[in-house]
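*Asks:* For the sequence shown, the tail end lands on 362 under our numbering, and the numbers increase by one without skipping. Submitted below is the structure of interest, expressed as structure tokens.
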Amino acid sequence: MQANENLRAHIYDLPEVCDLAWKLKKDQPHFDRSTFHDFDMEKDTSFGSGYDLFFSSHFLYELNADNRLLDFFNQVNQAMIPGGLFISNHIVPPEDNAPHLTFAIVELLTRCMGYPTHRLPEQDIITALSNAGFGKFTTKRIETEFTYPILLLSAVKIRD
Numbered sequence: 203m204q205a206n207e208n209l210r211a212h213i214y215d216l217p218e219v220c221d222l223a224w225k226l227k228k229d230q231p232h233f234d235r236s237t238f239h240d241f242d243m244e245k246d247t248s249f250g251s252g253y254d255l256f257f258s259s260h261f262l263y264e265l266n267a268d269n270r271l272l273d274f275f276n277q278v279n280q281a282m283i284p285g286g287l288f289i290s291n292h293i294v295p296p297e298d299n300a301p302h303l304t305f306a307i308v309e310l311l312t313r314c315m316g317y318p319t320h321r322l323p324e325q326d327i328i329t330a331l332s333n334a335g336f337g338k339f340t341t342k343r344i345e346t347e348f349t350y351p352i353l354l355l356s357a358v359k360i361r362d
């Protein structure tokens, strides 16, 4: 937002998260261009429309495990303009499927908290995005710079 004066941010999250984020960020530069929207994925079905950029991170795991990822990406598609860019950042299984202690610990903690998983295979997200009208994928795996493998992914809305 510092680099682009025309950029506006719309943050969609649970009411308690939005309240806390607002309190933490209200004194930050460019805060006046951020709008917080109370949003519950279990109840709300629309992000509105007209977005040219949509960023999502670290909550797609449960949607994939529950076979709801395509529904979510259909919602994202409806919110975006043609040619809009979707970006995500999430944990992926190690590329070589080798044992990865930190990854195993994160997965164990996630399941102990009642969530089905804390990983999203690259092919699952690409398939769901493709089926929802996205294409022109760019991906970058980061295997060694962090404690667990990360996938940065972008996709362009190519059809409704």
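The C-beta atom is built at its ideal place from N, Cα and C for all residues, glycine as well. Note that the coordinates shown come from a computational prediction; the quantities given were computed from them, not determined experimentally.
Given a threshold of 16 other Cβ atoms within 10 Å of its Cβ, counted over all protein chains shown, does A357 qualify as buried or as exposed?
*Replies:* So A357 counts as buried.
*Asks:* With a 10 Å radius around its C-beta and 16 neighbouring C-beta atoms as the bar for buried, classify L353 as buried or exposed.
*Replies:* Burial call: buried.
*Asks:* Can you check the stretch 246–308 for any alpha helix (DSSP H) of at least 4 residues that lies completely inside it and give the ranges in chain order?
*Replies:* Fully enclosed alpha helix (DSSP H) runs of 4 or longer: 262–267, 271–281.
*Asks:* Start and end of the alpha helix (DSSP H) containing T329?
*Replies:* Here the alpha helix (DSSP H) through T329 covers 324–333.
*Asks:* Should the stretch 225–236 be regarded as contacting the stretch 263–272, the criterion being three or more beta carbon pairs within less than 8 Å?
*Replies:* Taking 8 Å as the limit for Cβ pairs, the verdict is that the stretch 263–272 does not touch the stretch 225–236.
*Asks:* From which residue to which residue does the alpha helix (DSSP H) around L222 run?
*Replies:* Taken as a continuous stretch (DSSP letters only), the alpha helix (DSSP H) holding L222 covers 217–227.
*Asks:* Report yes or no: do three or more beta-carbon pairs, one from the stretch 249–256 and one from the stretch 281–293, lie closer than 8 Å?
*Replies:* Cβ pair count under 8 Å is three or more, so yes.
*Asks:* Closer than 6 Å by C-beta to P296: which residues in its own chain qualify, once you throw out the five before and the five after it? Chain order, please.
*Replies:* H302, P351, listed in sequence order.
*Asks:* Mapping the DSSP letters down to three states, classify T312 as helix, strand or coil.
*Replies:* The answer is helix: DSSP assigns T312 an H, G or I state.
*Asks:* If you drop the 5 nearest sequence neighbours on each side, which residues of the same chain put their C-beta closer than 8 Å to that of V294?
*Replies:* Around V294: R321, L322, P323, E324, R343, P351, I352, L353.
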